[in-house]
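A.B. asks:
In our numbering, the protein residues as written are 194 to 818.
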C-alpha cells in the first residue's frame, strides 16, 4: 500500500461482497449503546445505508423503551437536514407520535421560543454586541460598504436602547431579521439555541428530561455550534443520549461540523458497508479516505471506472479562463469525449460539473454565469452563485420560479402550498378572512405571471415586494432602492462596492436565463452541479473537471489527482474541499463512473495516475482531438 502526499492512497485490493445480513455489525453496536445509555457517533461512508441504520435505531427504542417513555411523558427526537428527509423518516416510522422528527431550525425554535426573557438577554448581551464588533471592522472609509456598516452599527445601537420595549421575539422561517419588530432569522435561531444550551444549566436539564434520546441525521451538515452544545449535554450525568449519523467526507459546505464524532463522551461506530456502488467504484472511493474502508454489502455489480484525459489550453480570457474561441474548442472536445464513450444519448447518465462556462453556454445561461464569475464577483459571490444561494438569486429560486410554473400548470394546490411555505402574502391581518386573503393571493400571482417574461428582474422584484409575494430582506431592499451606479467601474477605487455593479447588471436581465440556471441547479437537466447531488444515486455518472475553465480558489482537481504534474501546491483547506467534493461526486455511481479531466499535460498526468496506483493502465485513455 502506497501513501501519497495529497491524502489519497493506493488500495487496489480485491473486493468481494459479504453475505448481506438484515442487521449489520454497526447496527448491533448502536443497539448496544442504547442499552448502555451511551452517546455515539456513526461515521457512515457513501451508500452505507445510514438512513436504514437510523430507522433501525429508532425502531429499537420503540420496541424496548416505549412503555417507559410513555409512562414518563417523554419523546424521542430525530433532527434531519431537509423537510424532504423529515417526511421520509416519518413515513418509515408510520408517523408514530412517540417521535419528533424535525429540521434543526424547527426543533430548536420549538424548544427556546417560550424562554423569551433568556432570548432577550442573549440578544442584548451577546448577539448584537457581536454584530456591532463585526461591522466596526468594515466601517472605515467612505465606500458604500463602509457607509452601510456604519448605518448597521447605528441601527443595532438603537435596538439595544429600545430592546426592553420588544414584547415578544418570533421566528416564522423568514429569511430576514428585524429586531425592532422582534423578528428573528435562521442564523439567530441557531446562535440563540447554542448560547442558551451552554449558558443556562436549567435549560440543559429541561432538554434532557423531555427528550432522553436525540438523534441527529446528516450530522456533518449541522452547524458546529449546535454540535458543541449537544456534546455539552452528553458530558453531564443522565439523559439525553445523543446519536450522530453522518459522514465527514460528505461535508461540502463551510461552517458545518465535519468533526462531529470527536466528542469526548461519544462511542464512534464505523459503517463499512456499501450497498450502492459497484465494486470498481468502491475501490476508488477507498483510496480517498483512511477512516472508512468500505466493502460491497449488497448486490453490487462489478461496474467500471474510466478516466479520459483531454488536452486543454492555457486560458487567454478573464483571469486566465478560456476566451470565447477557446471555449468553442473545449466544447467540441467535450462532445468528442461523449461520442467516444457512446454516452451522448444515454438517458441513464448524470453529468456532474462545477458550474462551468462550458455548460452554461450549452444550457443557455452564459450571460448570467459570466456576470457572477466576472470582475464584479467576489469569491463569496462565486461560491453563493455556484450553490444557487446568492441573495439576488434566492427570491427567484424560492418562491418565484416554482410559483410561476405551478400557476402555468393551473396547479392551484401547489400555488398555495408554495405561498404558505415561502411568502408573507398568506398572512391575514386581523380584519381579513382567509377567503379574502386567498382571493388576494390569486390576483397577485396572476399579476406576477403576466409580467414574468417581459419585465426586467428589477421590475419583477419590485412588483413581488409590492404584492408581498416575497419578504423584504434588508440586503435585497438596499440594492433595489439605491441609485444605479452610472460611473465606470474601477477595480482599485470600487473594490469594496463591486457588488453594486453586479446587482445593477443583474437587475437589467430577464427571467429566461434564471429559469435555465434554476433547472441546472435543481437537476431538471441531464447535467448537475457536484454539490447538488449529495444523497442521490445514478446508474452512470460522468464527472467533468477543467481547472483552467473554472479557475476557482476553492477547488483544484488536477492538483488532487496529479499534484506532481500540476506543480503548484494546494492549501490544506483547498485540498480538503476538493477531495470531499470528488468523493461525493464519484460515490453517486451505482454502476459506471467516467472522469473527464482537461489537462495541459495528458501524458504526464496519465503516468502519475498509474504510478500513484489510483487507476490501472486500462482505465485511462487520452483523447486524440
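All C-beta atoms, glycine included, are put in the ideal place defined by N, C-alpha and C. Since this is a predicted model, take the numbers as computed values, not measurements.
Just the C-alpha distance for residue 428 and residue 422, rounded to the nearest angstrom, thanks.
C.D. replies: Rounded to whole angstroms, residue 428 to residue 422 spans 10 Å at the Cα level.
A.B. asks: What is the DSSP secondary structure of residue 817, counted as helix, strand or coil?
C.D. replies: Looking at residue 817 - three-state DSSP - the assignment turns out to be coil, as it is neither helix nor strand.
A.B. asks: Inspect the beta-carbon positions of residue 690 and residue 336 and report whether they are closer than 7 Å.
C.D. replies: Yes, the pair counts as a contact, with Cβ atoms nearer than the cut-off.
A.B. asks: Out of curiosity, what's the CA-to-CA distance linking residue 378 and residue 692?
C.D. replies: In a straight line, the C-alpha of residue 378 is about 23 Å away from that of residue 692.
A.B. asks: Counting Cβ pairs, one atom from each stretch, are 3 or more of them under 8 Å apart for the region 695-702 and the region 648-662?
C.D. replies: Segments in contact, yes.
A.B. asks: For residue 275, which option in 227, 269, 412 has the closest C-alpha, if you only look at C-alpha atoms?
C.D. replies: Closest option to residue 275, Cα to Cα, is 412.
A.B. asks: How many Å lie between residue 658 and residue 664 at the Cα?
C.D. replies: When rounded, the distance between both Cα atoms is 7 Å.
A.B. asks: Checking the sheet assignment: what are the DSSP bridge partners for residue 294?
C.D. replies: In the DSSP output, where bridge partners are listed per residue, residue 294 has 271.
A.B. asks: Between the Cα of residue 563 and those of 758, 783, 520, 473, spot the shortest distance and give me the residue it belongs to.
C.D. replies: For the residues 758, 783, 520, 473, the minimum Cα distance to residue 563 belongs to 520.
A.B. asks: At a cut of 8 Å, does the region 461-470 reach the region 251-259 through at least three beta carbon pairs?
C.D. replies: Not touching, per the Cβ criterion.
A.B. asks: Please work out which residues of its chain come closer than 7 Å, Cβ to Cβ, to residue 799, disregarding the five sequence neighbours upstream and downstream, and give them in chain order.
C.D. replies: Around residue 799: 502, 813, 815.
A.B. asks: Give the list of continuous alpha helix (DSSP H) stretches no shorter than 4 residues that lie fully inside the region 345-430.
C.D. replies: With a minimum length of 4 residues, the continuous alpha helix (DSSP H) runs that stay inside the region 345-430 are 379-392, 394-403, 417-427.
A.B. asks: Where does residue 441 sit, in a helix, a strand or coil, going by DSSP?
C.D. replies: DSSP places residue 441 in helix when its eight states are reduced to three.
A.B. asks: Helix or strand or just coil, what does DSSP make of residue 200?
C.D. replies: Caution is warranted here: a pLDDT of 46 is assigned to residue 200, below 50, making its placement in the model unreliable, and the coordinate value is therefore given only provisionally. Of the three classes helix, strand and coil, the one that applies to residue 200 here is coil, per DSSP.
A.B. asks: Kindly list the residues whose CB is nearer than 6 Å to the CB of residue 418, restricted to its own chain and excluding five residues on each side of it in sequence; keep chain order.
C.D. replies: Cβ within range, chain order: 387.
A.B. asks: Do residue 786 and residue 474 have their beta-carbon atoms positioned less than 7 Å apart in this structure?
C.D. replies: A contact, by the Cβ cut-off of 7 Å.
A.B. asks: Could you tell me which uninterrupted beta strand (DSSP E) segments, each at least 3 residues in length, are contained entirely in the region 539-598, listed from first to last along the chain?
C.D. replies: Those beta strand (DSSP E) runs which fall completely within the region 539-598 and span 3+ residues are 542-546.
A.B. asks: In the DSSP assignment, the beta strand (DSSP E) including residue 483 goes from what residue to what residue?
C.D. replies: Segment: none, residue 483 is in no beta strand (DSSP E) and carries neither H nor E.
A.B. asks: Considering only the alpha carbon of each residue, which of 635, 251, 662 lies closest to residue 220?
C.D. replies: It is 251 whose Cα lies nearest to the Cα of residue 220.
A.B. asks: In terms of residues, what are the limits of the alpha helix (DSSP H) holding residue 662?
C.D. replies: Here residue 662 belongs to no alpha helix (DSSP H), and DSSP marks it neither H nor E.
A.B. asks: Would you mind sorting residue 514 into buried or exposed? The rule is 16 or more other CB atoms within 10 Å of its CB.
C.D. replies: Buried: at least 16 other Cβ atoms inside 10 Å.
A.B. asks: Applying the criterion that 16 or more other CB atoms from any shown protein chain within 10 Å of the CB defines a buried residue, is residue 384 buried or exposed?
C.D. replies: With 16 or more Cβ atoms within 10 Å of its Cβ, residue 384 is classed as buried.
A.B. asks: What distance in whole Å lies between the Cβ atoms of residue 707 and residue 559, which are believed to be in contact at a cut-off of 8 Å?
C.D. replies: With a Cβ gap of about 13 Å, residue 559 and residue 707 do not count as contacting.
A.B. asks: What three-state label does DSSP hand residue 623 in the structure shown?
C.D. replies: Note that residue 623 scores a pLDDT of 49, beneath 50, so its modelled location is shaky and nothing firm can be said.
A.B. asks: Unbroken alpha helix (DSSP H) runs of length 4 or more, entirely within the region 600-687: which are they?
C.D. replies: 605-615, 627-645, 650-659, 667-674, 684-687, all fully within the region 600-687.
A.B. asks: Buried or exposed: which applies to residue 230, given that a residue is buried once 16 or more other Cβ atoms fall within 10 Å of its Cβ?
C.D. replies: Exposed, by the Cβ-count rule.
A.B. asks: Am I right that residue 254 and residue 272 are in contact with their C-beta atoms under 8 Å? What's the rounded C-beta distance?
C.D. replies: Incorrect: roughly 15 Å between the Cβ atoms, too far for contact.
A.B. asks: Kindly confirm or deny that the region 638-648 and the region 594-605 touch, where touching means at least three C-beta pairs closer than 8 Å.
C.D. replies: As far as the Cβ criterion goes, the region 638-648 touches the region 594-605, which means the pair count is three or higher.
A.B. asks: In whole angstroms, give me the CA-to-CA distance for residue 631 and residue 619.
C.D. replies: Cα-Cα distance, rounded: 7 Å.
A.B. asks: Mapping the DSSP letters down to three states, classify residue 501 as helix, strand or coil.
C.D. replies: Three-state DSSP puts residue 501 in a strand.
A.B. asks: Under 8 Å, with one C-beta from each stretch per pair, do the region 229-246 and the region 434-446 reach the 3-pair mark?
C.D. replies: As far as the Cβ criterion goes, the region 229-246 touches the region 434-446, which means the pair count is three or higher.
A.B. asks: What residue from 704, 679, 685 has the CA that sits closest to residue 694's CA?
C.D. replies: Comparing Cα positions, the closest option is 679.
A.B. asks: Is the Cβ-Cβ distance between residue 317 and residue 356 less than 7 Å?
C.D. replies: Yes, the Cβ-Cβ distance between residue 317 and residue 356 is below 7 Å.
A.B. asks: Closest by CA to residue 491, which one among 477, 507, 482, 470?
C.D. replies: Among 477, 507, 482, 470, the Cα nearest to that of residue 491 belongs to 470.
A.B. asks: Is residue 468 helix, strand or coil by DSSP?
C.D. replies: If DSSP states are grouped into helix, strand and coil, residue 468 belongs with coil.
A.B. asks: Between which two residues does the beta strand (DSSP E) carrying residue 779 extend?
C.D. replies: Residue 779 -> not in any beta strand (DSSP E); alpha helix (DSSP H) instead, spanning 765-779.
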